Amino acid sequence: MSVADYAARNRRRIGGTALALVLLAVLAALFDLPVADLLTVGTAERALRAATPIALAAIGGLYAEKSGVFNIGLEGFMIFGALSAAGAAWLSAGSGSVGQPDLWVGILAAVGVCTLLTLLFAVLTIRYEADQIVAGLAVWFIGLGFGPFTATVLWGGVSSPSLPNIDNVTVPLLAEVPVLGRLLFDASPLVLFTVLVAVAAWVVLYRTRYGYWVQAAGENPEALDTAGVDVNRVRYAAVVFSGAMAGLGGAVLSIGIGSGFTGTGVTMVDGRGWIAIVAYLFGNYNPLGAFGASLLFGATDMLQVQFQTVGISLPGSIVGLFPYVAVLVVLNLVGYTRVPSAVGEPYDTEE
Amino acid sequence: MSSDAPGARAALDRAADRMLRATVVERFAIAVAATLLALLLGSVVVAASGYDAVEFVSSLVYGAFGTTSNLAFTLRQSTMLILAGVAVAVAFRAGVFNIGVQGQFVVGGFATAVTVLFLAPHLPGGAVGGVLLMGLGTLAAIAAGGAYAALPGMMKAYADANEVITTIMLNFIASGVVFFVVDRYLRPAGASAPNTETFPEYVALPSVVFDSASFSVVGLGAALATVLVVYVVMARTRFGYDLVTSGYQEPAAAYSGVDPERNVVATMTFSGMVAGLAGAVFTIMILGYYSDPSTFPRFGFDAIAVSLLAANNPLGVVPAGLLFGGLDAGGQYIGFTLDVPPELVDGVVGLVVLFVAVPELFRMAARRTGLGGRGSSESPVRRAESDGGDGR
Numbered sequence: 007m008s009v010a011d012y013a014a015r016n017r018r019r020i021g022g023t024a025l026a027l028v029l030l031a032v033l034a035a036l037f038d039l040p041v042a043d044l045l046t047v048g049t050a051e052r053a054l055r056a057a058t059p060i061a062l063a064a065i066g067g068l069y070a071e072k073s074g075v076f077n078i079g080l081e082g083f084m085i086f087g088a089l090s091a092a093g094a095a096w097l098s099a100g101s102g103s104v105g106q107p108d109l110w111v112g113i114l115a116a117v118g119v120c121t122l123l124t125l126l127f128a129v130l131t132i133r134y135e136a137d138q139i140v141a142g143l144a145v146w147f148i149g150l151g152f153g154p155f156t157a158t159v160l161w162g163g164v165s166s167p168s169l170p171n172i173d174n175v176t177v178p179l180l181a182e183v184p185v186l187g188r189l190l191f192d193a194s195p196l197v198l199f200t201v202l203v204a205v206a207a208w209v210v211l212y213r214t215r216y217g218y219w220v221q222a223a224g225e226n227p228e229a230l231d232t233a234g235v236d237v238n239r240v241r242y243a244a245v246v247f248s249g250a251m252a253g254l255g256g257a258v259l260s261i262g263i264g265s266g267f268t269g270t271g272v273t274m275v276d277g278r279g280w281i282a283i284v285a286y287l288f289g290n291y292n293p294l295g296a297f298g299a300s301l302l303f304g305a306t307d308m309l310q311v312q313f314q315t316v317g318i319s320l321p322g323s324i325v326g327l328f329p330y331v332a333v334l335v336v337l338n339l340v341g342y343t344r345v346p347s348a349v350g351e352p353y354d355t356e357e
Numbered sequence: 294m295s296s297d298a299p300g301a302r303a304a305l306d307r308a309a310d311r312m313l314r315a316t317v318v319e320r321f322a323i324a325v326a327a328t329l330l331a332l333l334l335g336s337v338v339v340a341a342s343g344y345d346a347v348e349f350v351s352s353l354v355y356g357a358f359g360t361t362s363n364l365a366f367t368l369r370q371s372t373m374l375i376l377a378g379v380a381v382a383v384a385f386r387a388g389v390f391n392i393g394v395q396g397q398f399v400v401g402g403f404a405t406a407v408t409v410l411f412l413a414p415h416l417p418g419g420a421v422g423g424v425l426l427m428g429l430g431t432l433a434a435i436a437a438g439g440a441y442a443a444l445p446g447m448m449k450a451y452a453d454a455n456e457v458i459t460t461i462m463l464n465f466i467a468s469g470v471v472f473f474v475v476d477r478y479l480r481p482a483g484a485s486a487p488n489t490e491t492f493p494e495y496v497a498l499p500s501v502v503f504d505s506a507s508f509s510v511v512g513l514g515a516a517l518a519t520v521l522v523v524y525v526v527m528a529r530t531r532f533g534y535d536l537v538t539s540g541y542q543e544p545a546a547a548y549s550g551v552d553p554e555r556n557v558v559a560t561m562t563f564s565g566m567v568a569g570l571a572g573a574v575f576t577i578m579i580l581g582y583y584s585d586p587s588t589f590p591r592f593g594f595d596a597i598a599v600s601l602l603a604a605n606n607p608l609g610v611v612p613a614g615l616l617f618g619g620l621d622a623g624g625q626y627i628g629f630t631l632d633v634p635p636e637l638v639d640g641v642v643g644l645v646v647l648f649v650a651v652p653e654l655f656r657m658a659a660r661r662t663g664l665g666g667r668g669s670s671e672s673p674v675r676r677a678e679s680d681g682g683d684g685r
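Chains F and L supply the protein sequences, listed in that same order. All residue numbers for the first sequence refer to the working numbering, where the first residue is 7 and numbers rise by one. All residue numbers for the second sequence refer to the working numbering, where the first residue is 294 and numbers rise by one.
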């Protein structure tokens with residue numbers, strides 16, 4: 007697809023983004039914002055860290071939706087991921103203090119638990135043709151209930167005790183590269199992993215046969231079936247992958263960059279699963295686009311810190327709402343994205 | 294066209310009617326089965342976490358209905374769930390997912406609180422002032438709830454923004470902004486909690502039957518009256534007819550001259566007005582002041598379960614609301630007495646939603662076990678043609 011083609015198809019997206027940038031520039035000029043102080047490597051680093059959980063869930067959700075199943079339960083799976091990571095790490099440490107190996111046990115446990123749970127979700131939506139939106143909402147509610155419940159059983163309160171998080175990894179030589187070195191090669195291994203996942207997801211989706219199957223399962227399941235590929239198996243794989251990624255995203259949130267599980271309010275996931283859905287819509291179902299959009303949301307999420315460092319006083323409770331407002335703005339700008347045509351429809355092979 | 298419009302209309306009427314009623318029995322069976330299965334799973338979880346499941350269930354029932362004050366608490370929760378449930382049902386019935394009832398409920402209640410607090414000094418006290426303040430506060434809540442719900446309605450209608458996500462974002466935003474205003478501008482000087490001043494004591498519903506500070510039969514009556522009004526609007530007016538047909542048969546609705554965009558906005562507004570009313574009842578009957586919305590019970594979310602269990606039928610919301618009210622009250626009682634975390638009940642409610650979403654599971658189970666048998670193959674209501682409307 008040529009650049010001109012892309013521009014023509016995404017006029018609204020591009021126009022909207024340009025408009026938003028102009029508005030931001032006007033605002034910055036009006037309020038005399040120290041833009042240079044706001045845009046530092048530190049900002050980028052924080053944005054990247056905050057984007058990681060969102061990007062993981064977004065890339066997973068994108069695969070599920072490409073294959074024809076709208077996994078609107080990402081938020082719920084993230085809650086389960088965050089909880090099981092903290093829980094498993096804590097249990098693995100026994101009575102001792104939680105060390106690095108325990109944290110990795112937690113990460114694996116989060117992926118495992120969420121894989122199993124999404125398998126159930128997949129059976130209900132694919133085999134038993136559950137309404138995907140309602141079932142996804144149910145996953146959220148179940149997470150909101152059982153997440154804090156399990157925390158109470160484990161720790162006697164809805165939140166875990168404070169846990170350490172995973173050590174940064176410094177890649178020799180590469181870490182010396184200016185900017186990029188500090189962002190990627192002297193960072194949490196999970197950040198690096200997320201970047202790799204995004205690239206791999208792009209390659210698989212657009213450059214491999216399996217990727218074409220996923221796309222066909224969502225666009226034209228009949229044709230895929232005629233070609234002798236089991237549509238529902240492709241969908242099962244994509245949905246389970248989405249749950250595993252959301253679980254990993256949750257784990258990143260609780261023990262990758264956070265310090266344990268918080269179960270108060272709408273839990274520590276706090277809408278990031280929903281934001282992930284908007285991220286892949288904004289990225290037009292392209293894994294790299296979804297990653298870019300997650301960075302945007304990660305950056306809004308970190309505005310609070312940024313504003314404090316340059317001394318702009320806006321109440322925290324208001325700045326904390328920026329990501330949600332950004333979601334609304336993006337969703338209205340993107341408007342109609344071309345949803346894969348068979349999303350939401352169960353596929354029955356003629357018996 | 295106009296000459297045979299009544300005929301076409303009657304045919305549409307019949308078609309819509311059949312689709313809405315044909316599976317009532319089956320849906321009822323599915324609702325009961327879903328609830329029982331969710332409770333069973335909940336008990337298994339209780340047992341697996343090392344608590345006594347039998348004691349759990351018996352305390353649940355005692356906590357809901359055991360004493361008059363427990364019953365009053367159940368009815369109080371039911372009142373809220375019925376109101377919020379009707380708000381959800383109105384939208385779902387029209388094929389629009391209003392997940393933002395919680396936010397509209399928060400904004401509505403806030404409008405009530407502001408109205409009461411600001412007008413109280415200017416109006417006479419006593420019963421007259423109380424009725425006036427409560428009436429005006431309720432109107433403000435209805436208007437605010439409707440306006441706040443119109444936003445996602447417009448976003449869906451004119452910018453194609455998925456309403457599931459916009460309404461959820463607006464929930465977060467409502468909570469945050471209302472907290473900010475309450476905390477910054479309405480908190481009395483020197484108070485440590487982010488609460489507004491308490492309402493004058495004449496702004497309260499009389500308790501009449503139960504001697505409870507936070508439940509009044511008047512509130513329950515208002516909820517039931519709302520159910521009736523909504524039912525009549527949906528079943529007997531042009532507006533309700535357009536709303537329901539566009540939910541079940543979008544092409545048919547367009548054929549009979551419904552503007553789909555305006556219909557979406559109208560639906561959301563109507564739904565939000567009911568949610569706002571729920572906020573007014575919550576503020577006047579239960580709170581008597583206003584506070585940080587993130588500490589409020591999540592009636593707006595549980596209402597989704599209520600509405601789904603009732604198959605989005607406004608009348609069905611009443612028994613479903615009573616059931617969930619009982620679960621809620623029982624769950625809180627358990628939290629006080631058994632040291633089983635009350636969050637468990639939230640999880641069970643989620644399970645009910647999950648099972649209600651999979652009628653196929655129960656149909657298959659019924660076929661396997663040879664129970665029921667009705668409605669096995671001919672289920673005329675294929676779930677609403679998904680909402681993307683991509684016209685394949």
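Don't be surprised by glycine CBs; every beta carbon is placed ideally from N, CA and C. Just so it is clear, the structure is predicted and the values come from calculations on it, not from any experiment.
*Given a cut-off of 9 angstroms, decide if F:G256 and F:A34 are closer than it, judged by their beta-carbon atoms.*
Not in contact: F:A34 and F:G256 (Cβ atoms no closer than 9 angstroms).
*With a 10 Å radius around its C-beta and 16 neighbouring C-beta atoms as the bar for buried, classify F:E182 as buried or exposed.*
Under a 10 Å Cβ-count criterion, F:E182 is classified as exposed, with fewer than 16 other Cβ atoms of the shown protein chains found around its own Cβ.
*Quick one: measure Cβ to Cβ for F:V275 and L:P634, integer angstroms, because I've assumed they're closer than 8 angstroms.*
Wrong, their Cβ atoms sit about 19 angstroms apart, outside the cutoff.
*Which chain A residues are close to F:I20, counting only those with a beta carbon under 8 angstroms from its beta carbon?*
Any reference to chain A falls outside this structure, whose protein chains are F and L.
*asked:* Could you check whether the Cβ of L:E653 sits closer than 9 angstroms to any Cβ belonging to chain F?
replied: So, interface residue.
*Going by C-alpha distance, which of F:A136, F:G266, F:V75, F:G112 is nearest F:S166?*
For the residues F:A136, F:G266, F:V75, F:G112, the minimum Cα distance to F:S166 belongs to F:G266.
_I'd like the span of the alpha helix (DSSP H) that includes F:L68, first residue to last._
47 to 72 is the extent of the alpha helix (DSSP H) around F:L68.
_Closer than 9 angstroms to chain L by CB, F:W146_ = Taking Cβ atoms only, chain L reaches closer than 9 angstroms to F:W146, which makes this a yes.
*Among the residues of its own chain, which have a CB less than 6 angstroms from the CB of F:W280, if the five just before and after it don't count?*
Excluding sequence positions up to five before and after F:W280, its CB lies within less than 6 angstroms of the CB of E81, all in the same chain and listed in chain order.
*Mark L:E456 as exposed unless 16 or more other C-beta atoms lie within 10 angstroms of its C-beta, in which case mark it buried.*
Buried is the call here.
*Is the stretch 619 to 637 of chain L touching the stretch 351 to 358 of chain L in the sense that three or more CB pairs, one from each, lie closer than 8 angstroms?*
Enough Cβ pairs lie closer than 8 angstroms, so yes.
*What are the boundary residues of the alpha helix (DSSP H) that F:G153 is part of?*
Start and end: 138 to 161.
_4 or more residues per run - each alpha helix (DSSP H) lying fully within the stretch 612 to 657 of chain L_ = Secondary structure remark: continuous alpha helix (DSSP H) runs of at least 4 residues inside the stretch 612 to 657 of chain L, in chain order: 636 to 649.
*Give, in chain order, every unbroken run of the alpha helix (DSSP H) that is at least 4 residues long and sits entirely within the stretch 361 to 428 of chain L.*
As far as the stretch 361 to 428 of chain L is concerned, its whole alpha helix (DSSP H) runs of at least 4 residues are 361 to 386, 394 to 412.
*Would you call L:R477 buried or exposed, if buried means 16 or more other Cβ atoms sit within 10 Å of its Cβ?*
By the C-beta density criterion, L:R477 is exposed, having fewer than 16 other C-beta atoms within 10 angstroms.
*asked:* Using only CA atoms, which one of F:L25, F:L29, F:T49 lies nearest to F:Q314?
replied: That would be F:T49, whose Cα lies nearest to the Cα of F:Q314.
*Simplified DSSP state of F:D236, which is helix, strand or coil*: Three-state DSSP puts F:D236 in coil, outside helix and strand.
*Should F:G118 be flagged as near chain L, meaning a C-beta pair shorter than 9 angstroms?*
Contact with chain L is absent for F:G118, since none of that chain's Cβ atoms lies less than 9 angstroms from the residue's Cβ.
_Quick check: the Cα distance between L:P673 and F:T121, rounded to an integer number of angstroms?_
Confidence in L:P673 is poor, its pLDDT being 38 and thus under 50, which makes the residue's placement unreliable; the coordinate value appears in the next sentence. Taking the straight line joining both Cα atoms gives about 34 angstroms.
*asked:* So the candidates are F:R239, F:I65, F:I139; which of them puts its Cα closest to the Cα of F:G249?
replied: Out of F:R239, F:I65, F:I139, the CA that lies nearest to the CA of F:G249 is found in F:I65.
*Is it true that the CB of F:G74 sits closer than 9 angstroms to the CB of F:A116?*
No. Outside cutoff.
*asked:* Alpha carbons only, please: which of F:L337, F:A348, F:T355, F:R188 is nearest the one belonging to F:A26?
replied: Taking each of F:L337, F:A348, F:T355, F:R188 in turn and checking the Cα distance to F:A26, the smallest one comes out for F:L337.
*Could you list which residues in chain L have their beta carbon closer than 8 angstroms to that of F:W280, in chain order?*
From the beta-carbon of F:W280, the residues of chain L found nearer than 8 angstroms are I458, I461, M462.
*Identify the continuous alpha helix (DSSP H) that holds L:V502 and give its terminal residues.*
Unbroken run through L:V502: none, as it is neither H nor E.
*Shorter than 9 angstroms from the beta carbon of F:I65 to some beta carbon of chain L?*
Using beta-carbon distances, F:I65 does not count as an interface residue toward chain L, since no partner is under 9 angstroms.
_Run through the DSSP bridge pairs and tell me what F:A193 is partnered with._
DSSP output for F:A193 lists F:V175 as bridge partner(s).
*Any idea what DSSP makes of F:T268, helix, strand or coil?*
Coil at F:T268, not helix or strand.
*So, are the CB atoms of L:Y451 and L:G565 less than 9 angstroms apart?*
The beta carbons of L:Y451 and L:G565 sit no closer together than 9 angstroms.
*asked:* In this structure, how does DSSP classify F:Y353 when only helix, strand and coil are distinguished?
replied: In the three-state scheme derived from DSSP, where H, G and I count as helix and E and B as strand, F:Y353 is classed as coil.
*State the DSSP-derived secondary structure class of F:G304, mapped to helix, strand or coil.*
Here F:G304 sits in helix by DSSP.
*Taking all protein chains shown into account, decide if L:F629 is buried (16 or more other Cβ within 10 angstroms of its Cβ) or exposed.*
Exposed, because fewer than 16 other Cβ atoms sit within 10 Å of the Cβ of L:F629.
_I'd like to check one pair, L:I375 with L:L498: are the Cβ atoms closer than 9 angstroms?_
In this structure, the beta-carbon distance from L:L498 to L:I375 does not fall below 9 angstroms.
*Counting along the chain, where does the alpha helix (DSSP H) carrying L:F575 start and finish?*
Run containing L:F575: none; DSSP gives neither H nor E here.
*Pull out every residue of the stretch 261 to 272 of chain F whose Cβ sits closer than 7 angstroms to any Cβ of chain L, in chain order.*
Within the stretch 261 to 272 of chain F, the residues whose Cβ lies closer than 7 angstroms to some Cβ of chain L are G271, listed in chain order.
*Of all the options F:R52, F:T58, F:W161, F:G142, which has the alpha carbon lying nearest to the alpha carbon of F:G100?*
Nearest of F:R52, F:T58, F:W161, F:G142 to F:G100, Cα basis: F:W161.
_Quick check: what's the CA-CA separation for L:D535 versus L:V317?_
Between L:D535 and L:V317, the C-alpha separation is close to 21 angstroms.
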